[in-house]
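Peer 1:
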Amino acid sequence: KEVIPYTGKTYADQDDTPVFHHVGVYAYRPPALAAYAGWTTGPLETLEGLEQLRFLENGRKVLCVEVDAKGRQFWELNNPSDVPRIEAMMAEMGMA
31 KEVIPYTGKT YADQDDTPVF HHVGVYAYRP PALAAYAGWT TGPLETLEGL
81 EQLRFLENGR KVLCVEVDAK GRQFWELNNP SDVPRIEAMM AEMGMA
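FYI, the numbering for the sequence shown is 31 to 126, going by my numbering.
(1) Which partner residues does Phe85 have in the DSSP bridge list?
(2) Quick check: the stretch 59–67 against the stretch 103–120, are there 3 or more CB pairs under 8 angstroms?
(3) Tell me which residue opens and which closes the alpha helix (DSSP H) that Tyr66 is part of.
(4) Count the other CB atoms, across all protein chains shown, that sit within 10 Å of the CB of Phe85; report buried if there are 16 or more and exposed otherwise.
(5) Quick check: the Cα distance between Asp45 and Phe104, rounded to an integer number of angstroms?
(6) Can you name, in chain order, every residue of its own chain whose Cβ lies under 8 angstroms from the Cβ of Arg102, other than the five neighbours on each side?
(7) Sort Ala99, Val55, Asp43 and Ala42 by Cα distance to Asn108 and report the nearest one.
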């Protein structure tokens with residue numbers, strides 16, 4: 031995923047930037063998941079490989095919030111095998 035907004039410029043770590051880093055934490059209600067299962071994969075989801083785009087392509091709202099996380103490490107938690115690595119990173123940041 032490209033930064034939002036895309037500028038094409040390279041920034042140093044200490045630079046202030048006009049861009050956002052996408053961090054996805056998703057929670058779905060059972061009726062939303064039931065509807066999702068009945069929808070076909072759309073062009074945006076196919077192109078970007080992001081399943082949450084199926085909600086947007088079917089007229090559903092996706093809530094986004096801005097958080098202050100400058101200087102924080104980012105990670106992906108997709109599988110149970112990712113948990114030990116995430117727990118170690120959280121401990122390093124004083125979050126465990």
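Note that beta-carbon positions come from the ideal geometry of N, C-alpha and C, so glycine has one too.
Peer 2: With the given structure in hand:
(1) For the purposes of this step, residue 85 is identified with residue 55 of the sequence shown, where counting begins at 1. DSSP output for Phe85 lists no bridge partner at all.
(2) no
(3) Counting from one through the sequence shown, the residue named residue 66 turns up at place 36. Note, Tyr66: alpha helix (DSSP H), Pro60 to Gly68.
(4) Taking the first residue of the sequence shown as 1, we reach residue 85 at position 55. Its Cβ being crowded by 16 or more others within 10 Å, Phe85 is buried.
(5) As a first step, residue 45 must be located in the sequence shown, where it is residue number 15. As a first step, residue 104 must be located in the sequence shown, where it is residue number 74. Taking the straight line joining both Cα atoms gives about 18 angstroms.
(6) Mapped onto the sequence shown, residue 102 falls at position 72. Cβ neighbours of Arg102 beyond the five flanking positions: Met123.
(7) As a first step, residue 108 must be located in the sequence shown, where it is residue number 78. Ranking Ala99, Val55, Asp43 and Ala42 by Cα distance to Asn108 puts Val55 first.
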